[in-house]
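Those protein sequences? They're chains X and H, same order as listed. Sequential numbering from 935 applies to the first sequence in my numbering. Sequential numbering from 935 applies to the second sequence in my numbering. In what follows, a structure is listed as structure tokens, so that the remarks can point back to it.
Number of protein chains: 2
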Amino acid sequence: MKKATSLAEENYLKAIYKLHERNGAMVSTSALAESLQVNAASVTDFIKKMAAKKLISYEKSRGVMLTEKGRLIALSIIRKHRLWEVWLVTNLGFKWDEVHEIAEQLEHVISDELIEQLDKHLGYPKTDPHGDLIPDAKGRFIKNSSKPLLDCAAGDRVKFTGVAEHSNSFLQYLTRSNIKLGDELLVESIEEFDKSFQVKINNKERKLLSKEVVKNLLVMLL
Amino acid sequence: MKKATSLAEENYLKAIYKLHERNGAMVSTSALAESLQVNAASVTDFIKKMAAKKLISYEKSRGVMLTEKGRLIALSIIRKHRLWEVWLVTNLGFKWDEVHEIAEQLEHVISDELIEQLDKHLGYPKTDPHGDLIPDAKGRFIKNSSKPLLDCAAGDRVKFTGVAEHSNSFLQYLTRSNIKLGDELLVESIEEFDKSFQVKINNKERKLLSKEVVKNLLVMLL
DNA sequence: AAAATAAATTAGGTAAGCCTAATTATGTAT
DNA sequence: ATACATAATTAGGCTTACCTAATTTATTTT
Chain X
935 MKKATSLAEE
945 NYLKAIYKLH
955 ERNGAMVSTS
965 ALAESLQVNA
975 ASVTDFIKKM
985 AAKKLISYEK
995 SRGVMLTEKG
1005 RLIALSIIRK
1015 HRLWEVWLVT
1025 NLGFKWDEVH
1035 EIAEQLEHVI
1045 SDELIEQLDK
1055 HLGYPKTDPH
1065 GDLIPDAKGR
1075 FIKNSSKPLL
1085 DCAAGDRVKF
1095 TGVAEHSNSF
1105 LQYLTRSNIK
1115 LGDELLVESI
1125 EEFDKSFQVK
1135 INNKERKLLS
1145 KEVVKNLLVM
1155 LL
Chain H
935 MKKATSLAEE
945 NYLKAIYKLH
955 ERNGAMVSTS
965 ALAESLQVNA
975 ASVTDFIKKM
985 AAKKLISYEK
995 SRGVMLTEKG
1005 RLIALSIIRK
1015 HRLWEVWLVT
1025 NLGFKWDEVH
1035 EIAEQLEHVI
1045 SDELIEQLDK
1055 HLGYPKTDPH
1065 GDLIPDAKGR
1075 FIKNSSKPLL
1085 DCAAGDRVKF
1095 TGVAEHSNSF
1105 LQYLTRSNIK
1115 LGDELLVESI
1125 EEFDKSFQVK
1135 INNKERKLLS
1145 KEVVKNLLVM
1155 LL
């Protein structure tokens, strides 16, 4: 029951995975430093050690990428994080904007048996409370075809399936606006000037959503 | 959300609490070293720092005791550990001999809100899967009057409420012997020579239990 | 292309929590 | 009370993961 990967390594791997997912290609020292809230010099230090362990590949002054080994560990952390989030929301009654910090701690608990039992207990969920996909035990996703609402056209009927922005302020804005995962949205019109969207939610309320909002709402065409 | 008490401190506090509970009075450096599986010199080092933080009182070469502050932290860790064990057994289907290591990790997750929600979710259990009492959020126990079966007399009818020994081998022995928490035990006879007990379980099976076993079975008179 | 700016790296340090080896206290037996 | 054994402490080191300051490398701007 010895720890193969330290807490810090797990956090670096997760951060690299997420930064790569957002921006593609190599992840820079400064991006990592910003994301992990540590000094860039510490990052340089640390990534050298991780490269020596073959968790990442590192091109000096150019950035890092996950190796397959590193990618699988990152995905297992993400899997744990998202399963715990599901549990916190569905079993303990937390709100979607309250679970991140707690899941950040729970994700580091080590026990394959635990996480498989948790998965089973939750009924093998495919997504977390923010609509993010949950990889399986082998790091595989069931990809879906969601895209930003911003990319939709007037007249489109879509289902709200996830968020591209996970800040509490955005999640709380959606909660206050009574927009929930799974809601049906009808794009009634798009304002040319500022790309704000007039939408009808669940065939009931009408709402005006700013470009900043529609950019961060992920939807699937119905 | 900064950590007031480090992981190591939490483990020292818990170990001191448990050693004190078992042996009373001051806890020695060597007992702590043995319990935590670290070198005695490391313990001396560490307890000096903890004493400086007023988590324990330390009398050089004599041992340590928890301060009220330290005791409350120790109890909060024990509370978390036991609540998680209840969850692992009742919700995830683990056996009573499979939960300790996982709970050792979960007990360090920090969130008062989480632990109170968990407590509620579990229906405010008073004991963990081994019959150990769960302190409330303020560190208070509802004391019960259990004692070792060894202290009982022939003819006593008792309920099996807990174990004094938590090793997996003992727990597994009980499982194999089909003796579970809550079972009713009738002491039919006691062998004078070796203090082995002939008991009848739930008014059905007869079993012979060695002194080593009856010493570690905690029971309440019915 | 040179100069200016930004990003990354190197060098040298720190704190936490552990270690071994050497020394000092304490408790026990004679 | 002295000698012996055991327990505790001190001294000096190590590793992990961070830091600051100085330097080097890469990217822009002029």
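Every residue, glycine too, gets a C-beta built ideally from N, C-alpha and C. Please read these numbers as outputs of a predicted model, since none were measured by experiment.
Under 7 angstroms from the C-beta of residue i: neighbouring residues of chain X
i         : result
H/Leu1040 : Val1043
Nearest-angstrom beta carbon gap, residue j and residue i [assumed within contact, 8 angstroms]
i         : j         : result
H/His1055 : X/Asn1150 : That pair is no contact at about 32 angstroms.
H/His1030 : H/Leu1120 : His is not the amino acid found at residue 1030 of chain H; the sequence shown has Trp there. About 23 angstroms separates the two Cβ atoms, so there is no contact after all.
X/Ile1068 : X/Lys1060 : 6 angstroms
X/Val1043 : H/Leu1040 : 6 angstroms
H/Pro1063 : H/Val1020 : 6 angstroms
X/Leu1017 : X/Asp1066 : Not quite, the Cβ-Cβ distance comes to about 11 angstroms (not below 8 angstroms), so this is no contact.
H/Ala949  : H/Phe980  : With a Cβ gap of about 11 angstroms, H/Ala949 and H/Phe980 do not count as contacting.
X/Ser1027 : H/Gln1051 : According to the sequence displayed, residue 1027 of chain X carries Gly and not Ser. That belief holds up - the Cβ atoms of X/Gly1027 and H/Gln1051 are roughly 6 angstroms apart, short of 8 angstroms.
Beta-carbon gap between residue i and residue j smaller than 7 angstroms
i         : j         : result
H/Ala975  : H/Ser964  : no
X/Leu966  : X/Gly1004 : no
H/Pro1153 : H/Leu1083 : At residue 1153 of chain H the sequence reads Val, which differs from the Pro that was named. Closer than 7 angstroms, so yes.
H/Leu1006 : H/Ile990  : no
H/Leu1156 : H/Val1097 : no
X/Ile1124 : X/Ala1071 : no
X/Lys1141 : X/Lys1129 : no
H/Tyr951  : H/Ala1008 : yes
X/Tyr992  : X/Ala985  : yes
H/Phe886  : H/Leu1115 : Nothing can be reported for residue 886 of chain H: it is not among the residues displayed for chain H, which extend from 935 to 1156.
H/Ser1045 : X/Ile1036 : yes
X/Asp1117 : X/Asn1136 : yes
H/Ser1079 : H/Thr1095 : no
H/Leu970  : H/Val961  : no
Cβ-heavy atom distance, residue i to the ligand MG, below 6 angstroms
i         : result
X/Lys1114 : Ligands are entirely absent from the displayed structure, and the ligand MG is therefore not among its contents.
key: Continuous beta strand (DSSP E) assignments of at least 3 residues falling wholly in the region 951-1005 of chain X   = 990-993, 997-1000
key: Inside the region 992-1066 of chain X only - alpha helix (DSSP H) runs reaching at least 4 residues   = 1002-1024, 1034-1040, 1046-1055
ask   = Which residues, in chain order, does the region 1040-1071 of chain X contribute to contact with chain H at a C-beta distance below 9 angstroms?
value = Leu1040, His1042, Val1043, Ile1044, Ser1045, Glu1047, Leu1048, Gln1051, Leu1052, Lys1054, His1055
query = Mind listing which residues of the region 1137-1151 of chain X have their C-beta closer than 8 angstroms to chain H's C-betas, in chain order?
reply = none
ask   = Quick one: complete beta strand (DSSP E) runs, 3+ long, within the region 1123-1152 of chain X?
value = 1131-1135, 1139-1143
Contact set between the region 1010-1036 of chain X and chain H, restricted to residues whose Cβ is under 9 angstroms from the partner = Leu1022, Asn1025, Leu1026, Gly1027, Phe1028, Glu1032, Glu1035, Ile1036
key: alpha helix (DSSP H) runs wholly inside the region 1066-1124 of chain X, at least 4 long, in chain order   = 1102-1110
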